[in-house]
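The opening residue of the sequence shown carries number 5 in the numbering used here; numbering runs sequentially from there. The structure appears below as structure tokens.
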Amino acid sequence: MYDKTKFSMLNIDDFFSSEQYQTIEDFSYADVQGILKGGYQIEFFYILDHVEVLSIQEVMDNTFLIDKANQILSYLGFDFKIGQPFELTDEFNHNYRFKDGNYNKDYMLYYYDFEDMLIVLGITWEGILVSFEMVNNKTIINNRLEFFYT
């Protein structure tokens, strides 16, 4: 099962070699400055050497990226997998805070308040998990959700 301390210990170097990703020193994620380490469509956003965001987007066309994404989700203790049917659980059922189908017409984004973190799951109309975002930073969470409050 998910262990919150695993997120704080999350490190891109545990999943990718340094040749497989790039580092952008001056990057803004939801209007918050930090460092982005990522390659492909799996990104780790750091502030002061602490991971604040994990974003997994648009990996469905690449088996290597699906495998890496699922390694990360497994490391964090989640039972669900990218590219697989999403099963409702006690934590991720119909208790989402917001849902948004405007971002992408192929899938719905579900926004969950999970242990004082924001988790955004992208699930296709067929029920397949295609994206995952986990945010720890409160300012980023507020900035990401601001759209729903207006």
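A virtual CB, placed ideally from N, CA and C, is assigned to each residue, including glycine.
- In the three-state reduction of the DSSP assignment, D117 falls in the strand class.
- Minimum Cα-Cα distance from D117 among the listed residues G105, Y100, D104, I60 corresponds to Y100.
- Taking the C-beta atoms as reference points, V139 is found no nearer than 8 Å to M112.
- Taking 8 Å as the upper bound for CB-CB distance, I16 and K41 are in contact here, some 5 Å apart.
- In terms of Cα proximity to Y33, the closest of N146, F152, Y153 is N146.
- A distance below 8 Å between beta-carbons, with the five flanking residues on each side excluded, links F11 to the following residues of its chain, in chain order: V55, L58, L80, M121, M138, N140.
- Taking the CA atoms as reference points, E95 sits about 16 Å from G126.
- For the alpha helix (DSSP H) assignment, the uninterrupted runs of no fewer than 4 residues enclosed by the stretch 23-110 are, from N- to C-terminal side, 67-80.
- Here DSSP, grouped into helix, strand and coil, assigns S12 to helix.
- When Y6, V124, R148, F136 are compared, the shortest CA-CA separation from K72 is found for F136.
- Annotation: the continuous beta strand (DSSP E) that includes F136 extends over 133-139.
- Closest by C-alpha distance to E130, out of M13, E150, P89, is P89.
- Comparing C-alpha distances from V134 to each of L14, G87, D7 shows the shortest one belongs to G87.
- The criterion of a C-beta distance shorter than 8 Å is satisfied by T27 and I39.
- Counting every other CB atom within 10 Å of its CB across the protein chains shown gives Y50 a total of 16 or more, marking it as buried.
- Here the alpha carbon of G105 sits roughly 23 Å from the alpha carbon of I70.
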